[in-house]
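Residue numbers for the sequence shown follow the UniProt record's numbering, so the first one is 3 and each next one is one higher.
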Amino acid sequence: SCLLLITDTTLRLADHPALVRAGESGAPVIPLYVHDDDGGDDWTLGGAARWWLGRSLAVFQDALEGIGSRLIIRKGDAAAEVAALAAETGAETLFLTRSYDRHGRAREAALKRMAAAEGLTLKRYGGHLLFEPDTIATQKGDPYTVFSPFWRACLKEKPPKPPLDAPKALAGPVTWPDSLTVADLDLAPKPVDWAAGLRGTWTPGEGGALARADAFIVDSLASYKKHRDRPDLAHTSALSPHIRFGEISTRTLWHRAQEAMLRNESLEASAEHFTRELGWREFSYHLLYHFPDLADAPLRTNFTAFPWRQGQSAELTAWQKGRTGFPIIDAGMRQLWRTGWMHNRVRMIVASFLVKELLWHWRDGEAWFWDTLVDADPASNAASWQWAAGCGADAAPYFRIFNPILQGEKFDPEGAYVRTYVPELAHMPPEFIHKPWEAPALVLSAAGVTLGDTYPAPMVDRKQARDRALKAFEEVKTAQ
Ligand code: FAD
């Protein structure tokens, strides 16, 4: 028999190269998931991602049963558990999917050492990315640190091969080894059930991913380019958690977008823009692969001594809980808390506010997102926070400080997004919804708003905060 290692980024049947190749090997296949809760650093799975994983594992288990297979679940160190199961079942080959983050790479290295010692053949496949990060390099052979030339170089490569179909059957052993249940992994929210908003928003698992992809292509792709920055219109795919857990491959999405474009020329601009966003994910993984400490250390080393403010405090809590007094920021942070997700434009606005207006350490923002996002991703989260803080690759220039009022007025013009997540402001007229402190007393009282009571007054004077940020960032710049 052979073993197929399932991880939290491979929870699908379709376009799963390691699974398909294991099936084609002719040996009975034993799919194995090893839950390792001890990541050894700050980046073990956050709360929202644990909730998603529990649901997605259960769906994947059913899907495997549907093709005559099973999912064997164990807990502990992956290499030790694989060695034990191989000894128990006489398996001779281990099929697995390549990982790119520090933890996954360490696991892979340990599996390699164990396989060599135990005489197990190890077969490794891609599947999580469109292009392998070590196959894309500048002419000098260096990693890319700027997105546009990186993406041009990717597109010069052969386009991704067509996705592999889901197998209809997967032969297993006559006797199955013992397994834990998903419930044994203790992934459910504790000590209180805080996941109602997540349950109401998402359908984890491959079926949910495919349904969302279909709905996106049919209903929203046409207007993606035009409306992708509008949190009030929700025209992006919201596929990120499905992609994060590998419930749908980006190769499948790439081809779906290409097919849509071939059928209907008018979709070209939107489809290209959508695949470009998949490109940003590739770029994040390229950075993570070449700079494994991306989540912790600034790519621009002159930021190492930057005077970030940090640690838990009333200010950080106000940002985390959506009580800053800036409506678009509070709406975003509350969307995150309630649904485990936030629109990309708003992620940029809230991140800029934290690192620039509050001069707070980007790692505190990154850690909060890590714990609360259902799509918390080791590459995209780290790269995006470094981008926002100005210390990353191809980062936002230091003098670019998102103005939360203008951003709100431009991208949520009627205030519908704010009204959804900040109900205290539901009756504010559009004119003042992004700056309630400018509303005349009569307007405030008609809307039932008392600043500092029913809704917070702005937590900072933006002008002073802006000046402080510009000064601090100027100093880093001159130190370059
Ligand atoms: P769509 O617009 O439909 O895009 C399709 C897919 O492309 C996304 O599902 C995602 O996989 C990928 N993608 C889109 N934009 C980006 C981007 N800028 N960078 C990398 N990949 C992208 N994305 C995550 O998946 N996980 C994270 O932990 C994460 N943290 C972020 C933190 C900050 C501070 C910021 C500014 C952005 C972060 N992003 C993260 C990127 C982006 O916000 C989300 O991928 C996007 O909002 C997901 O929504 P969607 O699926 O509707 O995207």
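Every residue gets a Cβ at the ideal spot worked out from N, C-alpha and C, and that includes glycine. Nothing here was measured: the structure is a model prediction, and the numbers come from that model.
Just measuring C-alpha positions, the residue of I245, V220, E284 sitting nearest A273 is V220. In this structure, G410 and V424 do not form a Cβ contact; the two beta carbons are roughly 11 Å apart against a cut-off of 8 Å.
In the three-state reduction of the DSSP assignment, K192 falls in the coil class. For F404, no beta strand (DSSP E) run applies, since DSSP gives it neither H nor E. Counting only the Cα atoms, A190 lies some 37 Å from I435.
In the displayed model, P33 falls within a strand according to three-state DSSP. In this model, A385 and H288 are separated by some 10 Å (Cα to Cα). Under the three-state reduction of DSSP, L182 is assigned to coil, being neither helix nor strand. In summary, G454 is exposed, with fewer than 16 beta-carbon neighbours lying within 10 Å of its beta-carbon over all protein chains present. Placement of the Cβ of D379 at a distance of less than 7 Å from at least one heavy atom of ligand 1 is found. As far as DSSP is concerned, K170 takes part in no beta bridge.
If you check the CB distance, T91 and P179 come in under 8 Å.
Residue pairing of C4 in beta bridges, as defined by DSSP: V31, T95. Boundaries for T238: no beta strand (DSSP E) harbours it, and the DSSP string shows neither H nor E there. Judged by DSSP in its simplified three-state form, K77 adopts strand. For the 8 Å CB-CB criterion, W204 and V376 form a contact. A Cβ-Cβ separation of about 7 Å places L73 in contact with I8 under the 8 Å criterion. W370 carries a helical assignment under DSSP once its states are collapsed to helix, strand and coil. Ligand 1 has no heavy atom closer than 7 Å to the beta-carbon of E94.
Take K163, set aside five residues on each side of it, and the residues of its chain with a beta-carbon closer than 8 Å to its own are R253, in chain order. Sixteen is the threshold: when 16 or more other Cβ atoms of the shown chains lie within 10 Å of the Cβ of T277, as they do, the residue is buried. Relative to the Cα of A217, the nearest Cα in the group A397, F308, R258 belongs to R258.
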